[in-house]
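Protein chains in written order, with my numbering: chain A, 52 to 434; chain B, 468 to 873.
In what follows, a structure is listed as structure tokens, so that the remarks can point back to it.
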């Protein structure tokens, strides 16, 4: 028997988290007398700015290391996952790891009766409504928590790692057992809080575990690219035509690379109160992904297909409450917010404020020092 | 009393990537000089070594070069003063330092290099392809491929042992497949310092050591007066290396247990085989599974995992492959414009088999270029073609590409 686990994480911000969980699974399984190894989807590097990436762990109770490696090693991606651990629920909307692959469903590799295990605060149905239909049933387990996003090359060490290990033990004890998780953490860290975190996550995940039936979910809206055969493209290497120069005022007015949009990199998107905008141009000028489209009324529309949710615009905007970052799963589509604002200014403000809610969350530059949560205010429309 | 009973052989089992396993082995080999310049997938080796030094676990000169060319020159020079030296690279980085690599061999100096195999750009590709390391095959180097992290670790010791032997003194390239081996995390058995010391004697360059007490000039202009004789000496050293390699594995097995029954290659399910596949590196993984599945259905097939490429184990491989009717060579490389427009390994294997009166039929598969994975199903198809070729059904085109979009 072979158990295959994938960890889907956000590039760089969760790189160490993903790798640690893969390595921990190997070490815990080894303690249980099982054979295991771990690797990552190598082409994910350089993994930047939240790009969805993968790490894998393979475990077997009865095969030799040579046999397990022969079956699972030297592969780019997993065949079918028994457990697909997703450490940021906003990846429910799809994952676009790099160019040439398109936006793919987060549950693509979850096998028959496999388990999609997600770190989330959402309800079952709130997640399934973003995910692709599958023609067989699988389980969706939820581990309550926020996406643990750290800075470059670091891990936040906020117990997400320990909690994920507990949750994996809950959804598939044939990968790792909870007692072995506890022993491992106790021995490795000598910290009972970590042991307890794993156990609590184990107990909680056992309760939040529900079957997604065959056919439940959406028809996947994104096209998966088909690459040409060797005799079907021009010689001289892969020569990609430049994005044709094109600019006009208004939504989607700038030509952009259709081959790699990387909008699935975001956990949050900027919501703009156009009525408060003082037209300072900073968001448009500072956006590293050029996702603001100038409009004929001197505002800047946002193209959410290419926005990576980097927070830069919200940081530089000098107007209070004008650009606020909001959880990506609150949104159904990538439609132009400016068009919404033009069509119905009062309705747009109400919609935007509804999405923004009252909490304003600010992640400090030094990770692991908590988040700052303040009360937002609803600024009345500018006359 | 055996050596194993006298000293503790294994220190611990630790979760390590292929790159990290090599770094720990470099540390245990007590190297004196490390030159570093980053390029994926080798980079993690230099990262780990710098960490071992920063943590106070390794005492070595660590020099960050401005390019691979300087990096390789640094270890060549370090080696000439009698320092045990280490460097590594991948893909185009390896090519950029080519001039320095060539002179390291002609100067008969024995540093060890790790090559994390990577496709040669352009266009950009991180994945494994063997053309980078293999481009050095005619330059007087020792070349060996590891196919697990454990093997990579152990071959650092074996590599230094062979390279530094006073009858050899050739530079050593230890290669491992980028991504599939360099970046895969395994439980690796790490030996104790004492056991490594027992196996690997200190490096002694003897009379040739460049030192103020021993002023010598290395590699003056010699032109037509010396070069032919030097080449002949080079070749003689490579010939002697075959014997030293054998001896090194015997010594290694005596200390660490019977880990290698054949130094040059390992055979898998070949005993009564009719047809075998032969390959280098990580392709052994899907091929072995395919081999098992074919065996379950009664097909007599096996796999030969080639480890040493330079010197080429001509006699041993001829004897081994001569037993079979069909031989399918898997190349994760391509020899442009070669006699059959096939792979480098296939041409070598076929040339090795040519003197046999009864030769197996050899066919060639080109696959996994640029890091594409080779599936178990593809391996089964390769077995089927090789079995057919062995029975006389040799395809008109000896070389076929597998996993290509066509």
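Positions of the beta carbon are idealized from the N, C-alpha and C atoms, including for glycine.
Point to revise | Short CB-CB distance (under 7 angstroms) between residue 755 (chain B) and chain A | key: In the second chain, counting from the first residue as 1, residue 755 (chain B) sits at position 288. Answer yes: the Cβ-Cβ gap between residue 755 (chain B) and chain A drops below 7 angstroms somewhere.
Review point. What in chain A is Cβ-close to residue 593 (chain B), meaning under 8 angstroms?
Key: Counted from its first residue, the second chain places residue 593 (chain B) at position 126. The answer, in chain order, is 93, 94 and 96.
Review point. Checking contacts by CB at 7 angstroms: is residue 867 (chain B) closer than that to chain A?
Key: Stepping through the second chain from its first residue, residue 867 (chain B) is reached at position 400. Not an interface residue.
Check your understanding: Candidates A:262, A:135, A:134 and A:246: which alpha carbon is nearest residue 188 (chain A)'s?
Key -> By 1-based counting over the first chain, the position of residue 188 (chain A) is 137. The candidate whose alpha carbon is nearest that of residue 188 (chain A) is A:262.
Review point. Can you tell which of B:648, B:610 and B:615 has the C-alpha that lies nearest to the C-alpha of residue 595 (chain B)?
Key: The residue you call residue 595 (chain B) lines up with position 128 of the second chain. Selected option, being the one with the closest Cα: B:648.
Practice item. Specify the secondary structure class of residue 73 (chain A) as computed by DSSP and reduced to three states. Key: Reading the first chain from its first residue, position 22 is the one you call residue 73 (chain A). Residue 73 (chain A) falls in the helix class under three-state DSSP.
Check your understanding: Which residues in the same chain as residue 828 (chain B) place their Cβ atom closer than 8 angstroms to its Cβ, once the five residues preceding and following it in sequence are excluded?
Key -> In the second chain, residue 828 (chain B) corresponds to position 361, counting from 1. Within the same chain, residue 828 (chain B) has close Cβ partners 792, 793, 794, 856, 857, 859 and 861.
Practice item. Starting from the beta carbon of residue 654 (chain B), find every residue of chain A whose beta carbon is closer than 9 angstroms, and list them in chain order. Key: Locating residue 654 (chain B) in the second chain gives position 187, counting from the first residue. Neighbours of residue 654 (chain B) on chain A, chain order: 77, 78, 81, 86, 87, 88 and 116.
Practice item. Express the C-alpha separation of residue 751 (chain B) and residue 681 (chain B) in angstroms, rounding to a whole number. Key: Your numbering for residue 681 (chain B) matches position 214 in the second chain. Your numbering for residue 751 (chain B) matches position 284 in the second chain. Rounded to the nearest angstrom, the two C-alpha atoms are 48 angstroms apart.
Exercise for review: Give a yes or no on whether 7 angstroms exceeds the smallest Cβ distance from residue 311 (chain A) to chain B.
Suggested key: The residue labelled residue 311 (chain A) in the question sits at position 260 within the first chain. It does not: the Cβ of residue 311 (chain A) has no partner Cβ on chain B nearer than 7 angstroms.
Practice item. Examine chain B for any beta-carbon lying closer than 7 angstroms to the beta-carbon of residue 281 (chain A), and answer yes or no. Key: Translated into the one-based positions of the first chain, residue 281 (chain A) becomes position 230. It does; some Cβ of chain B falls within 7 angstroms.
Exercise for review: Say whether chain B places a C-beta atom closer than 7 angstroms to the C-beta of residue 119 (chain A).
Suggested key: Translated into positions along the first chain, residue 119 (chain A) becomes position 68. No, its Cβ sits nowhere closer than 7 angstroms to a Cβ of chain B.
Point to revise | Entirely enclosed alpha helix (DSSP H) segments - the segment 163-243 of chain A, minimum 4 residues | key: 175-179, 211-222 and 229-240
Check your understanding: Leaving out the 5 sequence neighbours to the left and right, which residues in its chain are closer than 6 angstroms to residue 61 (chain A) when beta-carbon positions are compared?
Key -> The residue labelled residue 61 (chain A) in the question sits at position 10 within the first chain. Excluding residues within five positions, the ones whose Cβ falls inside 6 angstroms are 101 and 139.
Check your understanding: Taking the alpha-carbon positions, what's the residue 869 (chain B) to residue 798 (chain B) distance?
Key -> The residue given as residue 869 (chain B) occupies position 402 in the second chain. The residue given as residue 798 (chain B) occupies position 331 in the second chain. Cα to Cα, the separation comes out at about 10 angstroms.
Practice item. Give the residues from the segment 238-255 of chain A that approach chain E closer than 7 angstroms (Cβ to any Cβ), ordered along the chain. Key: Absence of chain E from the displayed structure is noted, the protein chains being A and B.
Review point. In this structure, does DSSP put residue 747 (chain B) in helix, strand or coil?
Key: Here residue 747 (chain B) is taken as the residue at index 280 of the second chain, counted from 1. DSSP places residue 747 (chain B) in strand when its eight states are reduced to three.
Exercise for review: Run the CB neighbour count on residue 727 (chain B), radius 10 Å, all protein chains shown included, and call it buried at 16 or more, exposed below.
Suggested key: Here residue 727 (chain B) corresponds to residue number 260 of the second chain, with the count starting at 1. Counting Cβ neighbours within 10 Å, residue 727 (chain B) comes out buried, since at least 16 surround it.
Review point. Closer than 7 angstroms, CB to CB, is residue 651 (chain B) near chain A or not?
Key: Stepping through the second chain from its first residue, residue 651 (chain B) is reached at position 184. At least one CB of chain A lies nearer than 7 angstroms to the CB of residue 651 (chain B).
Check your understanding: Helix or strand or just coil, what does DSSP make of residue 514 (chain B)?
Key -> If you number the second chain from 1, residue 514 (chain B) lands on position 47. Helix, per DSSP.
**Study point:** Complete beta strand (DSSP E) runs within the segment 271-336 of chain A (minimum length 3 residues, chain order)
**Key:** 319-323
Check your understanding: Is the distance from the Cβ of residue 579 (chain B) to the Cβ of residue 639 (chain B) below 7 angstroms?
Key -> As a working mapping, residue 579 (chain B) is identified with position 112 in the second chain. As a working mapping, residue 639 (chain B) is identified with position 172 in the second chain. Result yes, Cβ atoms of residue 579 (chain B) and residue 639 (chain B) sit closer than 7 angstroms.
Review point. Start and end of the beta strand (DSSP E) containing residue 796 (chain B)?
Key: Translated into the one-based positions of the second chain, residue 796 (chain B) becomes position 329. 793-798 is the extent of the beta strand (DSSP E) around residue 796 (chain B).
Review point. Using the C-alpha atoms, what's the distance from residue 212 (chain A) back to residue 3 (chain A)?
Key: Nothing can be reported for residue 3 (chain A), as the shown portion of chain A is limited to 52 through 434.
Check your understanding: Is the CB-CB distance between residue 667 (chain B) and residue 624 (chain B) below 7 angstroms?
Key -> Taking the first residue of the second chain as 1, we reach residue 667 (chain B) at position 200. Taking the first residue of the second chain as 1, we reach residue 624 (chain B) at position 157. Yes, these two residues count as a Cβ contact at 7 angstroms.
Point to revise | Residue-level contact to chain A via CB, residue 647 (chain B), 7 angstroms cutoff | key: Locating residue 647 (chain B) in the second chain gives position 180, where the first residue counts as 1. Answer yes: the Cβ-Cβ gap between residue 647 (chain B) and chain A drops below 7 angstroms somewhere.
Check your understanding: Smallest Cα separation from residue 331 (chain A): which of A:278, A:374, A:202 and A:397?
Key -> Position 280 of the first chain, counted from the first residue, corresponds to residue 331 (chain A). Of the listed residues, the one whose Cα sits closest to residue 331 (chain A) is A:374.
**Study point:** Contact belief for residue 735 (chain B) with residue 701 (chain B) at Cβ below 8 angstroms, rounded distance in angstroms
**Key:** Counted from its first residue, the second chain places residue 735 (chain B) at position 268. Counted from its first residue, the second chain places residue 701 (chain B) at position 234. At roughly 34 angstroms, the Cβ-Cβ gap does not stay under 8 angstroms, so residue 735 (chain B) and residue 701 (chain B) are not in contact.
Review point. Comparing the C-beta of residue 53 (chain A) with each C-beta of chain B, is any distance below 7 angstroms?
Key: Taking the first chain and counting its residues from 1, the one referred to as residue 53 (chain A) is at position 2. No, no contact with chain B.
**Study point:** Neighbouring residues, chain A, relative to residue 590 (chain B) (Cβ below 7 angstroms)
**Key:** Walking along the second chain from the start, residue 590 (chain B) turns up at place 123. Within 7 angstroms Cβ-Cβ: 288 and 289.
Point to revise | Selection from A:424, A:367, A:135 and A:218 that minimises the alpha carbon distance to residue 42 (chain A) | key: This structure leaves residue 42 (chain A) out entirely; chain A is present only between 52 and 434.
**Study point:** Selection from A:272, A:363 and A:353 that minimises the alpha carbon distance to residue 153 (chain A)
**Key:** What you label residue 153 (chain A) is simply residue 102 of the first chain in a count that begins at 1. For residue 153 (chain A), the nearest C-alpha among the options comes from A:272.
Check your understanding: To which residues does DSSP link residue 652 (chain B) through a beta bridge?
Key -> Counting from one through the second chain, the residue named residue 652 (chain B) turns up at place 185. For residue 652 (chain B), which the question treats as bridged, DSSP gives the partners A:89 and B:484.
Check your understanding: So with Cβ pairs under 7 angstroms, would you call residue 124 (chain A) a contact of chain B?
Key -> Locating residue 124 (chain A) in the first chain gives position 73, counting from the first residue. At least one chain B Cβ lies under 7 angstroms of residue 124 (chain A).
Exercise for review: Determine the direct distance from the alpha carbon of residue 512 (chain B) to that of residue 783 (chain B), and round the result to whole angstroms.
Suggested key: Position 316 of the second chain, counted from the start, is the residue given in the question as residue 783 (chain B). Position 45 of the second chain, counted from the start, is the residue given in the question as residue 512 (chain B). Approximately 33 angstroms between the Cα atoms of the pair.
Practice item. Would you please verify whether the beta carbon of residue 864 (chain B) is less than 7 angstroms from any beta carbon of chain A? Key: The residue you call residue 864 (chain B) lines up with position 397 of the second chain. So no, residue 864 (chain B) is outside the interface.
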